[in-house]
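In my numbering, the protein residues as written are 2 to 287. See structure below.
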Amino acid sequence: MKVTYNWLKQYVDFDSTPEELTEQLTMIGLEVEGVEKVSGGFENIVVAEVLEKEQHPDADRLSLCKVNDGEGVRQIVCGATNFKVGSKVPLALPGCEMPTEPGEKPFKIKVGKIRGVESCGMMCSAKELGIAEDADGLLLLPAEAKVGQPFAEHLGRTGDDVVYDLEVTPNRPDWNSVIGIARELSALTGQSLIVPEVPELPADDVETAALVDVRLDNAEHCPRYNARVVRGLKVGPSPDWLRNTLEMVGIRSINNVVDVTNYVMLETCQPLHAFDYHLLTKKEGA
Numbered sequence: 002m003k004v005t006y007n008w009l010k011q012y013v014d015f016d017s018t019p020e021e022l023t024e025q026l027t028m029i030g031l032e033v034e035g036v037e038k039v040s041g042g043f044e045n046i047v048v049a050e051v052l053e054k055e056q057h058p059d060a061d062r063l064s065l066c067k068v069n070d071g072e073g074v075r076q077i078v079c080g081a082t083n084f085k086v087g088s089k090v091p092l093a094l095p096g097c098e099m100p101t102e103p104g105e106k107p108f109k110i111k112v113g114k115i116r117g118v119e120s121c122g123m124m125c126s127a128k129e130l131g132i133a134e135d136a137d138g139l140l141l142l143p144a145e146a147k148v149g150q151p152f153a154e155h156l157g158r159t160g161d162d163v164v165y166d167l168e169v170t171p172n173r174p175d176w177n178s179v180i181g182i183a184r185e186l187s188a189l190t191g192q193s194l195i196v197p198e199v200p201e202l203p204a205d206d207v208e209t210a211a212l213v214d215v216r217l218d219n220a221e222h223c224p225r226y227n228a229r230v231v232r233g234l235k236v237g238p239s240p241d242w243l244r245n246t247l248e249m250v251g252i253r254s255i256n257n258v259v260d261v262t263n264y265v266m267l268e269t270c271q272p273l274h275a276f277d278y279h280l281l282t283k284k285e286g287a
């Protein structure tokens, strides 16, 4: 089970440092197998919008772009091909120190010439930002991303974070959830447990039982299975804060529907799975 310092802090407002939290997790019975510090700074990286994109005058595989960084327009030379005018991307400004491989010195962004044309920054991929192992082109941000907003703020990060890799004993399956661990920390520290309120959903005109039939073939090992039909969903990319949260704990983002089921599973220890209703060969589940 992996969980982050800042994610736990959403449910228990403790004052412990990351090092003290490691000791407290051990004290409540969890074995801390690994601790990874993750920089949440992304200093001098902002959300930018591409205003112009033209062919570099002296390079077939480079583009000459004008981008809005929230304070003005910058000229950027870029080799990626997966963006267009109107795209919003992370922009590393001059002075930014980009993450590198362990043991290597940070790569500092400077104003310089690329094939004879000045470039005043760098539009970034997820790999260059250190938030993905590989990337195909630039990291494209949602259309609603705010131009000029610090990239860390866009991701929902409030600073540096720490990822804890925990070994959960078989007799405490509730510890396979953020809320389960937070509940123990609440008891240990005396701080209140903060559980998100779940709004009551409006009743549907058609009962779920009339739309899907749940059958239990092995009630001994699976005594209960609930189904709910949800209409009006649009499948697409998840918001960046959700993708970032999942990827921090080792889960690859798929889409908004799959990601939210994984998020709730990690939050509550309740396994969830989303099916495309129209692709079910039979409207029954076992």
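Using N, Cα and C, we set each Cβ at its ideal position, and we do this for glycine too. Given the structure is predicted, the values throughout are model-derived calculations rather than measurements.
What number of angstroms, rounded off, separates the C-alpha of residue i from the C-alpha of residue j?
| i | j | result |
| --- | --- | --- |
| L273 | I110 | 43 Å |
| T82 | S254 | 22 Å |
| Q192 | L186 | 8 Å |
| A287 | A228 | Reliability of the predicted coordinates at A287 is poor, the pLDDT of 46 falling under 50, and no value is obtained from them. |
| Y12 | C223 | 30 Å |
| R232 | L202 | 12 Å |
| G157 | P240 | 10 Å |
| P151 | K106 | 23 Å |
| K67 | E145 | 20 Å |
| A275 | R225 | 17 Å |
Given a cut-off of 7 Å on the beta-carbon distance, is the pair residue i and residue j in contact?
| i | j | result |
| --- | --- | --- |
| V74 | L63 | no |
| P91 | I46 | yes |
| V250 | D162 | no |
| K54 | V86 | yes |
| A93 | G122 | yes |
| F15 | T190 | yes |
| L31 | K89 | no |
| N256 | V230 | no |
| P100 | V112 | no |
| E268 | I195 | no |
| L167 | M28 | no |
| C270 | S178 | yes |
| V148 | N69 | yes |
| A188 | L9 | no |
Helix or strand or just coil, what does DSSP make of residue i?
| i | result |
| --- | --- |
| S187 | helix |
| E20 | helix |
| A93 | strand |
| I29 | coil |
| M2 | coil |
| N7 | helix |
| A287 | Residue placement at A287 is poorly supported in this model, since its pLDDT is 46, which falls under 50; the coordinates still yield a value, given next. Coil, per DSSP. |
| K85 | coil |
| L167 | strand |
| D214 | strand |
| V179 | helix |
| R75 | strand |
| P240 | coil |
| P58 | coil |
| L280 | helix |
| E154 | helix |
Name the DSSP bridge partner or partners of residue i?
| i | result |
| --- | --- |
| V39 | D162 |
| M99 | F108 |
| Q271 | Looking at the DSSP assignment, Q271 forms no beta bridge with any residue, so it has no partner. |
| I115 | V118 |
| A220 | For A220, which the question treats as bridged, DSSP gives no partner whatsoever. |
| R66 | Residue identity check: residue 66 is Cys in the sequence provided, not Arg. Paired residues: K54 and I77. |
| L194 | V13 |
Compute the minimum distance between the beta carbon of residue i and the heavy atoms of the ligand ZN, and state whether it is under 6 Å.
| i | result |
| --- | --- |
| P200 | Here there are no bound small molecules, and the ligand ZN is not part of this structure. |
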